[in-house]
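Novice: For reference, the structure I am asking about is given below.
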Amino acid sequence: MKKYELKFYPDPVLRKISSPVGKVDNTIRHLIKKMSKIMYSRKGIGLAAPQVGTLDRVIIADIGEGLISMINPEILTGFGEDYLEEGCLSLPETTVNVKRQQSVFVRYFDKNEKEKETEIVGLTARVVKHEIDHLNGVLIVDYAPISDRLKLNVINELKI
Ligand SMILES: [Zn+2]
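Following the numbering used here, the numbering of the sequence shown begins with 13 at its first residue and continues without gaps.
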């Protein structure tokens with residue numbers, strides 16, 4: 013079985029676009045298990061597959077209400093807005109104030125390949141959106157004002 017370990021910024025894998033999972037098999041279930049181990053051991057509340065070096069559209073989250081895993085998650089619609097300082101396991105010691113919708117409808121497959129559609133709100137919605145960002149190569153530093161990005165030492169990453 014493949015070995016997975018946490019990747020840190022500026023590892024290029026964090027900027028790649030992940031591919032949809034074609035089949036939810038034991039490899040994917042193993043990946044979810046390993047991801048949750050890494051997330052819990054670092055006291056995180058969410059993790060996306062690229063953060064452990066694999067470009068599959070798989071995310072997990074647990075804000076203290078149990079583990080959620082989503083395969084090929086897709087935001088259908090959302091509303092409201094809210095700001096919160098976010099951190100990221102791949103960018104230790106960095107926080108960025110990020111505006112996100114308060115409530116989103118998301119469609120995904122669970123680890124038994126069952127398609128689900130559900131509304132998620134508050135912190136769960138925030139974490140899920142943060143993790144879906146990872147699947148698209150987007151990081152919290154992308155939400156920081158340009159002046160802060162300079163301080164965050166991501167000048168080589170500026171997309172302007
Ligand atoms: Zn993150």
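Just so it is clear, CB atoms sit at the ideal spot from N, CA and C, and this is done for glycine as well.
Just checking Ser31 against ligand 1 - is the residue's beta carbon closer than 7 Å to any of the ligand's heavy atoms?
Specialist: no
Novice: Helix, strand or coil: which one does DSSP assign to Tyr7?
Specialist: Since the displayed the chain opens at 13 and closes at 172, residue 7 lies outside it and no answer follows.
Novice: Give the straight-line distance between the Cα atoms of His146 and Ser159, rounded to the nearest whole angstrom.
Specialist: 23 Å
Novice: Nearest to Glu86 by alpha carbon, out of Pro157, His142, Glu98 and Leu26?
Specialist: His142
Novice: Taking 7 Å as the cut-off, does the CB of Ser102 come closer than this to any heavy atom belonging to ligand 1?
Specialist: yes
Novice: Spell out the partners DSSP gives Leu59 in its beta bridges.
Specialist: Ile72
Novice: Tell me the rounded alpha-carbon separation between Arg138 and Gln114.
Specialist: Rounded to whole angstroms, Arg138 to Gln114 spans 7 Å at the Cα level.
Novice: Output yes or no for whether 8 Å exceeds the beta carbon distance between Ser102 and Leu26.
Specialist: Taking 8 Å as the Cβ cut-off, Ser102 and Leu26 qualify as a contacting pair.
Novice: According to DSSP, is Tyr52 helix, strand or coil?
Specialist: helix
Novice: Tell me which residue opens and which closes the alpha helix (DSSP H) that Leu135 is part of.
Specialist: Where Leu135 is concerned, the enclosing alpha helix (DSSP H) starts and stops at Gly134 to Leu147.
Novice: Mind checking whether the beta-carbon of His146 lies closer than 7 Å to any heavy atom of ligand 1?
Specialist: yes
Novice: With Ile87 as the anchor, note down where its beta strand (DSSP E) starts and where it stops.
Specialist: Ile80 to Phe91
Novice: Closest by CA to Gln63, which one among Asp23, Thr39 and Leu162?
Specialist: Asp23
Novice: Just checking my contact of Ile132 with Val118 at CB under 8 Å: how many whole Å lie between their CB atoms?
Specialist: 6 Å
Novice: DSSP three-state call for Val150: helix, strand or coil?
Specialist: coil
Novice: How should Asn148 be labelled, buried or exposed, when 16 other C-beta atoms within 10 angstroms of its C-beta is the threshold for buried?
Specialist: Exposed, because fewer than 16 other Cβ atoms sit within 10 Å of the Cβ of Asn148.
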